[in-house]
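Student: Residue numbers (the working numbering): 1 to 310. We treat Cβ as the ideally placed atom computed from N, Cα and C, and that holds for glycine.
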Amino acid sequence: MPHLNPNYATPGESLWAERSIFIGKALACVPYGMLVLLYLQCADALLHKKHVAHARKYALFAYSSFILVLATLAIGLAIRWGEMVFVDDRNYPGGPAIFYNAFDSYWVPIASNSCFVVLNLAANAMLIYRYFVIWQRNWWCLVAPGLTFLTAIPISVLFMVSTARNDTAMMPMGLAYWALTISFNIILTVLVSGRLWIAKRYDYSHLEAKHHDVYGRITDIMIESAAPYSIFGILQLVAYTRDYDGLRRLFQGALGQVQAVTTLLIVLRMGRGRAYASEDSSSLSVHPRFPSQRQLPIVDLVQLPIVDLV
């Protein structure tokens with residue numbers, strides 16, 4: 001049996017960097033497996049069920065396919081990049097971590113990140129749509145999220161251009177990109193989950209009749225508001241602001257796959273007819289029925305017997 005020689009170990013200053021790169025690639029595969037399963041469920045719910053209108057179900061199916069293609073390209077290129085770092089060019093002077101930083105503007109990681117950026121915009125568009133439906137299709141509610149979404153498009157392009165050019169301003173541009181997109185998701189998550197939580201808390205009758213087993217659980221509210229991505233996004237934003245490169249590499253690959261999973265979870269609920277529908281929006285404006293209020297019995301005075309008082 002061979003014995004491990006400490007001299008074979010990677011130097012301590014680059015050990016965590018190389019481990020974070022390798023583990024990050026492996027972590028991204030976990031949500032991708034969930035994504036493939038969700039896509040098959042979405043295809044079954046959209047193409048073989050009668051919950052969704054004919055034209056709408058094909059639009060949702062095309063959207064789900066677009067998300068899956070982007071996620072597949074992103075993780076495939078990321079795995080190819082990891083193969084270059086740890087197999088093809090592992091003898092690069094300084095080791096895999098130095099090669100990873102020196103060639104991060106190579107077309108393989110750039111293409112992988114570009115797929116994630118486009119996926120992020122597509123997922124945010126779906127989140128805006130769900131926010132619009134849940135907030136009674138009020139166009140005034142779209143002003144701030146819409147402007148933020150439009151602002152994120154040029155910032156995403158500038159972020160990818162600065163990354164491809166290996167510009168020294170890449171870190172500030174990357175921080176601006178992550179801060180804008182993640183804060184955008186966090187705000188919409190709070191607005192959507194808050195709206196649904198109020199509906200559940202005050203026990204609206206229309207939700208009780210239609211979604212008594214759906215909106216009674218906090219997990220469904222988290223799915224509808226894409227909360228899992230916001231949680232991962234906070235970790236990524238902390239890594240950027242604190243300059244934790246290892247933590248950033250650890251979660252960056254899985255972040256895009258988690259966003260794809262949360263998006264297809266919403267599509268799956270829409271395909272199964274369990275998502276919050278537009279016809280329910282007008283009912284949210286009525287006064288809530290507080291379960292703590294006691295309703296006194298109504299007494300019909302006409303039916304009471306007449307008693308003569310002596």
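1. If you follow the alpha helix (DSSP H) that lysine 49 is in, where does it begin and where does it stop?
2. What did DSSP end up calling phenylalanine 251 once you bin it into helix, strand or coil?
3. Within 10 Å of its beta-carbon, does valine 157 have 16 or more other beta-carbons around it, so buried, or fewer, so exposed?
4. Any contact between the region 68 to 81 and the region 127 to 143? By contact I mean 3 or more CB pairs, one from each, below 8 Å.
5. Can you give the beta carbon distance from alanine 164 to isoleucine 98, rounded, assuming they're within the 8 Å contact cut?
6. Can the beta-carbon of cysteine 42 be found less than 8 Å from the beta-carbon of glycine 271?
7. Let me check understanding here. Comparing Cα to Cα, which of Arg269, Leu268, Gly273 and Leu255 lies closest to leucine 119?
8. Which residue wins for smallest C-alpha separation from serine 162, given the options Gly146, Asn113 and Gly194?
9. Please specify which runs of the alpha helix (DSSP H), each continuous and at least 4 residues long, are wholly inside the region 129 to 196, giving them in chain order.
10. Report back the beta-carbon spacing between alanine 123 and glutamine 259 to the nearest angstrom; my notes put them in contact at under 8 Å.
11. How many angstroms separate the CA atom of isoleucine 266 from the CA atom of alanine 26?
12. What is the rounded straight-line gap between the Cα of arginine 249 and the Cα of leucine 40?
13. Determine the burial state of lysine 49: buried for a count of at least 16 other Cβ atoms within 10 Å of its Cβ, exposed for fewer.
14. Straight-line CA distance for threonine 148 to glutamate 18?
15. If you pair each beta-carbon of the region 229 to 247 with each one of the region 174 to 184, do three or more pairs fall below 8 Å?
16. Would leucine 58 be called buried (16 or more neighbouring beta carbons within 10 Å of its own) or exposed?
17. Would a C-beta distance cut-off of 8 Å place leucine 60 and leucine 46 closer than the cut-off?
18. Return the chain-ordered list of same chain residues with a C-beta closer than 6 Å to the C-beta of valine 108, the five sequence neighbours on each side being excluded.
19. I need the boundaries of the alpha helix (DSSP H) containing arginine 80, first residue and last residue.
20. Would tyrosine 131 and leucine 196 qualify as a contact pair, given that the criterion is a beta-carbon distance under 8 Å?
21. Where does the unbroken alpha helix (DSSP H) through alanine 226 begin, and where does it stop?
22. Classify glycine 233: buried if its beta carbon has 16 or more other beta carbons within 10 angstroms, exposed otherwise.
23. In chain order, what residues of the same chain have a beta carbon less than 7 Å from the beta carbon of tyrosine 229, not counting five sequence neighbours either side?
24. Enumerate in chain order the residues of its own chain whose CB-to-CB distance from leucine 15 is below 7 Å, with the five nearest sequence positions on each side excluded.
25. Below 7 Å CB to CB, which residues in the same chain sit around arginine 90 once its five sequence neighbours on both sides are set aside?
Tutor: A quick look at the data gives this:
1. Where lysine 49 is concerned, there is no enclosing alpha helix (DSSP H), given that its DSSP letter is neither H nor E.
2. helix
3. exposed
4. no
5. Contact doesn't hold; Cβ gap of about 20 Å is too wide.
6. yes
7. Closest option to leucine 119, judged by alpha-carbon separation, among Arg269, Leu268, Gly273 and Leu255: Leu255.
8. Asn113
9. Secondary structure within the region 129 to 196: the alpha helix (DSSP H) runs of 4 or more consecutive residues, fully enclosed, are 143 to 164 (chain order).
10. 5 Å
11. 25 Å
12. 29 Å
13. exposed
14. 36 Å
15. yes
16. Note that residue 58 is tyrosine in the sequence shown here, rather than leucine. Tyrosine 58 is exposed by the Cβ-count criterion.
17. Yes, the Cβ-Cβ distance between leucine 60 and leucine 46 is below 8 Å.
18. Leu77, Arg80 and Trp81
19. Segment 54 to 83, the alpha helix (DSSP H) holding arginine 80.
20. no
21. Neither: alanine 226 is in no alpha helix (DSSP H) and is coded neither H nor E.
22. buried
23. The residues are Asn185, Val258, Gln259 and Thr262.
24. none
25. Pro96
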